[in-house]
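**Student:** In our numbering, the protein residues as written are 198 to 490.
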Ligand code: GUN
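1) Could you check the C-alpha separation between residue 369 and residue 330 for me, to the nearest Å?
2) Measuring only from the beta carbon, is residue 402 closer than 7 Å to any heavy atom that is part of the ligand GUN?
3) Can you list the beta strand (DSSP E) stretches of 3 or more residues lying completely in the stretch 376-409, in chain order?
4) Tell whether a beta-carbon distance below 8 Å holds between residue 470 and residue 252.
5) Cutting at 8 Å between CB atoms, please list the residues of its own chain near residue 442, excluding the five before and the five after it.
6) Based on the DSSP secondary-structure assignment, which residues constitute the bridge partners of residue 268?
7) From residue 354 to residue 276, what does the alpha carbon distance come to, in whole angstroms?
8) Measure from the alpha carbon of residue 365 to the alpha carbon of each residue in 335, 334, 411 and 232, then state which is nearest.
9) Go through its chain and collect everything with a Cβ distance to residue 357's Cβ below 8 Å, but skip five positions before and after it.
10) Just to confirm, does residue 337 get its C-beta within under 7 Å of one of the non-hydrogen atoms of the ligand GUN?
11) My understanding is that residue 418 touches residue 451, with C-beta atoms under 8 Å, so please give their C-beta distance in whole angstroms.
12) Applying the criterion that 16 or more other CB atoms from any shown protein chain within 10 Å of the CB defines a buried residue, is residue 382 buried or exposed?
13) Under the three-state reduction of DSSP, which class applies to residue 284: helix, strand or coil?
14) Return yes when the C-beta of residue 377 is under 7 Å from any heavy atom of the ligand GUN, and no when it is not.
15) In the DSSP output, what is residue 457 paired with across the bridge?
16) Count the other CB atoms within 10 Å of the CB of residue 467; is the residue buried (16 or more) or exposed (fewer)?
17) Provide the residue(s) that pair with residue 361 in DSSP beta bridges, ordered along the chain.
18) Under the three-state reduction of DSSP, which class applies to residue 162: helix, strand or coil?
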């Protein structure tokens, strides 16, 4: 039996989605509008197809209208940009998500920049990343937002705590650090980012009261990297050769040392989807109130 409390992201995501569904219903009754989420899927990568299916299912059950745009894997950059522009101009679409990774011949960064910042459900546009960096966030990347929500709802204090984020990606590590260092609830932490060029990664991780791991390496973080009693948040998800799933953290070892830990699956993943819906609803409310029909 692990010593650590298991942080049940799936259960929290279900609660958050139920709360959101009620808010959406009330808002739709007043405005006559359903929040619209457009998901763009290029190609047929099996993992992306599973993620997209889960996102659409959640959107449906929360009272959203969902628009699936499927494109062949050999689509040109211009054709994909044209599709994004169409969604930008479509008043029934309030949130746009281009599922990543895109095929190699496409320039993801340029495509993400073409999404209208007001409809950027993923929060990846430079305007939204900039607002987050300046401490005035609007649409925030979903995975770090989900981790913050989990820490708040599980009453894990961050104020004044040493938080170490493993990974410096634009999708998780960087925005995660910005959220944790921001002023206010779920923030006010002392944040260190460690990455592939860091010296003594295990030693730096051992300093953490809260360790957030988004390294993209299966079971990289060992029990010996964790300070006894620390909280461990595992953002990774990988499929082992035997078909089972694991995270970036060696769960068997870490759960003996940590005081609380997220499982994989059923930890951070479901929260990402809950935050995607929240972002889309926030976008819908802003767009409809600034342009009522
Ligand atoms: N692929 C893996 N994670 C994500 C995400 O958060 N958003 C999008 N659009 N694609 C992803």
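All C-beta atoms in this analysis are idealised placements derived from N, C-alpha and C, irrespective of residue type, glycine included. None of these values were measured; they are calculated from a predicted model.
**Tutor:** Straight from the coordinates:
1) Each residue's Cα considered, the two are about 14 Å apart.
2) no
3) 387-391
4) yes
5) 434, 435, 436, 461 and 462
6) 239
7) 47 Å
8) 411
9) 385, 386 and 387
10) no
11) 7 Å
12) exposed
13) helix
14) No; taking the cut-off as 7 Å, the Cβ of residue 377 has no heavy atom of the ligand GUN nearer than that.
15) 202 and 428
16) buried
17) 389 and 408
18) The structure shown does not extend to residue 162, since the chain spans only 198 to 490, so no value can be given for it.
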